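Q: Chains as they are written, first to last, in the numbering used here: chain A, 1 to 395; chain B, 1001 to 1395; chain C, 2001 to 2157; chain D, 3001 to 3157. Note that CB positions come from ideal geometry on N, CA and C, so glycine has one too. Because the structure is a prediction, the values reported are computed rather than measured. Here you go, one structure.
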Amino acid sequence: LVVGATAAGLSCGSAEPLAVQPWMKVPGTGFAGYGQPSPFESKVVKVFPPPPNPPGVGSSRTPLHMLEGMITPSGLHFERSHSGVPEIDPDQHRLVIHGLVKRPLVFTLEALSRYPMQSRIAFIECGGNSLALNAPQAQPLNVAAIHGLLGCSEWTGVRLSTLLDEAGIEPEARWVIAEGADAAAMSRSIPLTKAMDDALLCLYQNGERVRPSNGYPLRLLLPGFEGNMNVKWLRRLKLTAGPAMTKDETSKYTILLKDEKAWQFVFPIEVKSVITRPSPGLALRDPGFYEISGLAWSGNGSIRQVDVSADGGRSWAPAALQGPILPKAPVRFRTAWQWNGGPAVLQSRATDDTGMVQPTRAQFAAERGFRGVYHYNAIASWRIDEMGEVSNVYA
Amino acid sequence: LVVGATAAGLSCGSAEPLAVQPWMKVPGTGFAGYGQPSPFESKVVKVFPPPPNPPGVGSSRTPLHMLEGMITPSGLHFERSHSGVPEIDPDQHRLVIHGLVKRPLVFTLEALSRYPMQSRIAFIECGGNSLALNAPQAQPLNVAAIHGLLGCSEWTGVRLSTLLDEAGIEPEARWVIAEGADAAAMSRSIPLTKAMDDALLCLYQNGERVRPSNGYPLRLLLPGFEGNMNVKWLRRLKLTAGPAMTKDETSKYTILLKDEKAWQFVFPIEVKSVITRPSPGLALRDPGFYEISGLAWSGNGSIRQVDVSADGGRSWAPAALQGPILPKAPVRFRTAWQWNGGPAVLQSRATDDTGMVQPTRAQFAAERGFRGVYHYNAIASWRIDEMGEVSNVYA
Amino acid sequence: QAPQLGQPIAPADITPWDISIGPDGAGLPPGRGTAIEGEAIYVAKCQACHGEKGERPKVALAGALVGGIGTLAPDKTPIKTVGSFWPYATTLFDYVRRAMPFQDTKSLTADEVYAVSAYILHLNGIIGPNDVIDAHSLPEVRMPNRDGFIPFPRNPK
Amino acid sequence: QAPQLGQPIAPADITPWDISIGPDGAGLPPGRGTAIEGEAIYVAKCQACHGEKGERPKVALAGALVGGIGTLAPDKTPIKTVGSFWPYATTLFDYVRRAMPFQDTKSLTADEVYAVSAYILHLNGIIGPNDVIDAHSLPEVRMPNRDGFIPFPRNPK
Ligand code: HEC
Ligand code: HEC
Ligand SMILES: [Ca+2]
Ligand SMILES: [Ca+2]
Ligand SMILES: [Ca+2]
Ligand SMILES: [Ca+2]
Ligand SMILES: [Ca+2]
Ligand SMILES: [Ca+2]
Ligand SMILES: [Co+2]
Ligand SMILES: [Co+2]
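Okay, here's the thing in structure tokens:
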């Protein structure tokens, strides 16, 4: 934990004499082929519900409160699986492109590896992230439990448009049905315009091959679109005139509004931000300086501004944005704050370069109510009490 | 391996019927707190010499030929250790700042975690990287063995200038002696100007706490300066009027020139590039399209241009540079190439935004000869033979 | 500039993977089933997780398959099931065939998928116990919430 | 804007860590030693890796400590040792105290470090067998390659 765990080092008196520790005198451990975090960081893990759920159904969440910067280490990138993580033999894996194409084609991974590649740093956020904030009462949850279905990697792969051009698109084609090689055969319909715009067939995540929990050996990246559409373990792309109306674009990932109607095909993750530090579990120790740090992102473009409030939204000040500021990538924001020791409510409000401003909870509710489950992106609030404890509140 | 390992998928005939594999029918594995790469990627590891060296003395190398993008996954970031990797208890770790300061100060990690942070994507390259190319005959080595002491992470930490301001710099101070908490107590003298400019005390690497092999719990980052100066396991900073003339800035990391003189305090990594694919071990299969992909970097600024040659430097064409292009960060370059099946020599030549151009091997030798060991940055060459095999050559 | 490394593949060789069903029934295989026939399959292969008659799932994430009609109305707490929420009956065939039963997906015959789909539709009061469900009739089943969806107004162009 | 969370520390409390030695001898502790005294320490604690009389290391990365004088000349293959290459004798004290012997660093007394440093300097023919090496004399040792270093011309300003 970063803040608040022990009393060491923040008292006022003079320091202890410096101790020559054993590791300063005897050689350390040898090299490893593949390195791991320090054993002292063993609490920095993804969180997921215990059984009795079938293993690997549901999600594991990124511990955002323990992380910094923009990149999510691949070992801590959230996962959402519908039938566990398949152990795919890459030599047996195939990608087929068919349907409304002139030439149905199948690709091995080796063939895909021969294509021109592109890299981009992009977030992936589950459409169900932050859904806990739809509850009528604020739950005693931390930032991982509420907002932890968010990750960011440098993704590298082949542009989908390249392969669609090779297959030859029939004029009636408007959609691409993407399907995974997992047992659930996750399937989503994607507008052909997106497929031809910036969709990437990813072979690499943060430099190395995509992790199994994130789609090894091939993941579809649709920058800025809801996580579920970024189909993992991609095996098939079928071009069609209309959407397939799969379970995950009808039963799930649709947003029931205040009347009986539901929004369907809600593609972009709209502008959003969350303060990761301070946050629940990271209590403030003493009045004084704190850096308020968090992430802001938009599936519609780049973050232009993040404002931070320490008084529940009565007053706002712009935070510093950590470059590089990239489209459809999270931006780390930071702002200096003096805690006077009294109660406070921290909020962040992001604006993207389309001019869209993150809504207040009231604005969010006025548009769609709280029955929508997905794509919750209203301003979130952390309350700080006089003891420095931080909790999730509605404010 | 990315290219050339098996015959699957590149033949001309029609594909096999698609097979429904077991992982498409039965649930996969459950969630893990900390994820790992696929077992099918078990060959993607750092390479290091076998015993009898004392364990952890020397280096392990990043397998650049198996990676893509700009970020090095932390598990594969090269390491250079002089007495193994210390297992440091972060609660016992301290950073002391003393010497020519008004107020000697000691910091716990918890205290450091309270400071304003900064993130930046930066390469670290060992000053001894590519030294194999000083040999009179080209060695049969691959890109990891030659150039694998290079990594890039998103680093996050506290600006050193912030802490030096707090300690109060005495007017005579010109240098900062940095020291590690490893058994070798690695020690290097750093100009105060650099310390006040962009030096960062890193707590995080690619989002999570710095890895043990890269300096957990605290690493000094001197963007663009030779790797050894980026002291790992940082415990002490002493301000002085002159350099300490430590072993690693006299006996090592000095560059013996053609006469008896040696350059000392060679700080910046000068402009450099390397083609990672194709490269030795990744044989070309058949004549046809290949993407030439590699990394370019400069410790003096940003990469402005990379030119690629397939004929040993007779003709050059500019490669595409993958954004974001950041100062003191590697840039992935890519260029399309049609292999006609005949012999070829691939080279890359980087230019940075100070206008410095990567030297040819002859220009490099004319300035300093091949006795310098460190900071070898001349244009490197891969020869491709008629079988498509790739090898390290001088050309 | 790119290579052309895709291998042509004959449509028949794609068939083992082409399990997509369109809302118009495109892709539905030959076969048939009724709710009466589907009940036994449901009891044997689905009930352990989805509960008796699909009403109270025994596995949290499995969700109710039956009931909830009328709960989408304003201010109610929605219970979204196949019956109350799903706009197309074809989705049921598509999803059950690809993803159920959970431990052994893609194991049911086309007849079995038609039959168990018919059973779930019947439990929801949408079709009769002896109505034959096949490639022709399934897309014609009118789902109660067929008109419940509107496009999201802010998608990129 | 930043907090002030450094704790003041008394110079005496830094001493256990302050092992830096300047080329002017700043930081050298009280104590003394001669090559004669150092030989036994070397044989007991260093020779296993660095070889008899420091000439042929038995551990590859340990490097030769002795010899090579003259090999820096143009076109020769340089053998860089303490004797042939190191510009300051103070570096020897600094380095041996902090980093040697490899398996148990920072274990030698000041007298032992002075003595073994004297031994290595003597093996290189730089001092005599009975020359006393201490805080005063060590920085005054004139190393053969003292003037061998020039600044790199392209450092940032
Ligand atoms: C071992 C447990 C298990 C068994 C057996 C099982 N299911 Fe499921 N079912 C699930 C789970 C878990 C989900 C949710 C999957 C997800 O989140 O994508 C689910 C989801 C569904 C859904 C989608 C529900 C919705 O509203 O989105 C349908 C329909 C369904 N199952 C039908 C069946 C049928 C029919 C069978 C038998 C042929 C069956 N299931 C057997 C566990 C099971
Ligand atoms: C178990 C092996 C081992 C023992 C014992 C050992 N050394 Fe070393 N020594 C090494 C290694 C390995 C290095 C190189 C360390 C590095 O790369 O930073 C080294 C480096 C040195 C160097 C620097 C050489 C150069 O040219 O840069 C000196 C000086 C030295 N040792 C002196 C000593 C002395 C004096 C002792 C005994 C008091 C000793 N060593 C004991 C293994 C050993
Ligand atoms: Ca004290
Ligand atoms: Ca999602
Ligand atoms: Ca307190
Ligand atoms: Ca065939
Ligand atoms: Ca180095
Ligand atoms: Ca060939
Ligand atoms: Co999801
Ligand atoms: Co080094």
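1) Please tell me whether, using a cut-off of 6 angstroms, the distance from the CB of residue 2102(C) to the nearest non-hydrogen atom of ligand 1 is below it.
2) Residues of the segment 1247 to 1266 of chain B in Cβ contact with chain D at a cutoff of 7 angstroms, in chain order, please.
3) Would you say the segment 89 to 98 of chain A touches the segment 1082 to 1097 of chain B, given that touching needs at least three Cβ pairs under 8 angstroms?
4) Are the C-beta of residue 191(A) and some C-beta of chain B separated by less than 7 angstroms?
5) Got a sec: is the Cβ-Cβ distance from residue 3028(D) to anything in chain B below 7 angstroms?
6) For residue 2062(C), is the classification buried or exposed, using 16 other Cβ atoms within 10 angstroms of its Cβ as the cut-off for buried?
7) Name the residue from 1388(B), 1367(B), 1371(B) and 1359(B) whose alpha carbon lies nearest to the alpha carbon of residue 1395(B).
8) For residue 1081(B) and chain C, any beta-carbon pair shorter than 7 angstroms?
9) Going by DSSP, what residue range makes up the alpha helix (DSSP H) through residue 344(A)?
10) Measuring only from the beta carbon, is residue 2063(C) closer than 6 angstroms to any heavy atom that is part of ligand 1?
11) Just how far apart, CA to CA, sit residue 2043(C) and residue 2052(C)?
12) When DSSP labels each residue in this structure, what does residue 1001(B) get in the three-state scheme?
13) Can you say whether residue 1080(B) is buried or exposed, counting buried as having 16 or more other CB atoms within 10 angstroms of its CB?
14) Please confirm whether any heavy atom of ligand 1 lies closer than 6 angstroms to the CB of residue 2048(C).
15) Taking the C-alpha atoms as reference points, what is the distance between residue 1313(B) and residue 3054(D)?
16) Give the straight-line distance between the Cα atoms of residue 391(A) and residue 1160(B), rounded to the nearest whole angstrom.
17) Assign residue 1272(B) to one of three DSSP states: helix, strand, or coil.
18) CA-CA distance, residue 21(A) and residue 3013(D)?
19) In or out: residue 3122(D) buried (at least 16 other Cβ within 10 Å) or exposed?
20) Could you check where the beta strand (DSSP E) with residue 115(A) kicks off and where it finishes?
21) Using the rule of at least 16 other Cβ atoms within 10 Å of the residue's Cβ for burial, across every protein chain shown, is residue 1014(B) buried or exposed?
22) Going by beta carbon distance, what residues of the same chain come within less than 6 angstroms of residue 331(A), once the five residues before and after it are set aside?
23) Hey, is residue 3122(D) close to ligand 2, as in C-beta under 6 angstroms from one of its heavy atoms?
24) Out of 1171(B), 1248(B), 1316(B) and 1289(B), which one is the CA nearest neighbour of residue 1226(B)?
25) Quick test of your reading: residue 1214(B) and residue 1077(B), contact by CB under 8 angstroms. State the CB separation rounded to the nearest angstrom.
26) Counting only runs that start and end within the segment 3067 to 3143 of chain D, where is the alpha helix (DSSP H) found for 4 or more residues in a row?
27) Kindly confirm or deny that the segment 1261 to 1275 of chain B and the segment 1283 to 1297 of chain B touch, where touching means at least three C-beta pairs closer than 8 angstroms.
28) Is residue 1396(B) near ligand 2, in the sense that its beta carbon is under 6 angstroms from a heavy atom of that ligand?
29) Look at the Cβ atom of residue 3146(D), then the Cβ atom of residue 3074(D), and state whether they are nearer than 7 angstroms.
30) Give a yes or no on contact between the segment 197 to 213 of chain A and the segment 149 to 163 of chain A, applying the rule of three or more CB pairs nearer than 8 angstroms.
31) Based on DSSP bridge pairs, tell me the residues matched to residue 1158(B).
32) Should the segment 362 to 376 of chain A be called in touch with the segment 119 to 128 of chain A, which here means at least 3 C-beta pairs below 8 angstroms?
33) Excluding sequence positions up to five away, which residues of its chain have a Cβ less than 6 angstroms from the Cβ of residue 1397(B)?
34) DSSP puts residue 98(A) in a beta bridge; with which residues?
35) Just tell me which of 2036(C), 2105(C) and 2046(C) has its CA closest to the CA of residue 2059(C).
36) If you measure from the CB of residue 238(A), is any heavy atom of ligand 2 nearer than 6 angstroms?
A: Quick look at the numbers:
1) yes
2) 1247, 1250, 1251, 1254, 1256, 1258, 1259, 1260, 1261, 1262, 1263, 1264, 1265 and 1266
3) no
4) no
5) no
6) buried
7) 1359(B)
8) no
9) Note, residue 344(A): premise wrong, no alpha helix (DSSP H); beta strand (DSSP E) at 344 to 352.
10) yes
11) 8 angstroms
12) Because the pLDDT at residue 1001(B) is just 28, under 50, the model does not fix this residue reliably, and the point stays unresolved.
13) buried
14) yes
15) 46 angstroms
16) 32 angstroms
17) strand
18) 15 angstroms
19) buried
20) Looking at the DSSP string, residue 115(A) is not in any beta strand (DSSP E), and its letter there is neither H nor E.
21) exposed
22) 296, 303, 321 and 325
23) no
24) 1248(B)
25) 6 angstroms
26) 3090 to 3099 and 3110 to 3123
27) yes
28) Given a span of 1001 to 1395 for chain B in the structure shown, any question on residue 1396(B) remains unanswerable.
29) no
30) yes
31) 1201(B)
32) yes
33) Because chain B spans 1001 through 1395 in this model, residue 1397(B) falls outside it and cannot be assessed.
34) 238(A)
35) 2046(C)
36) no
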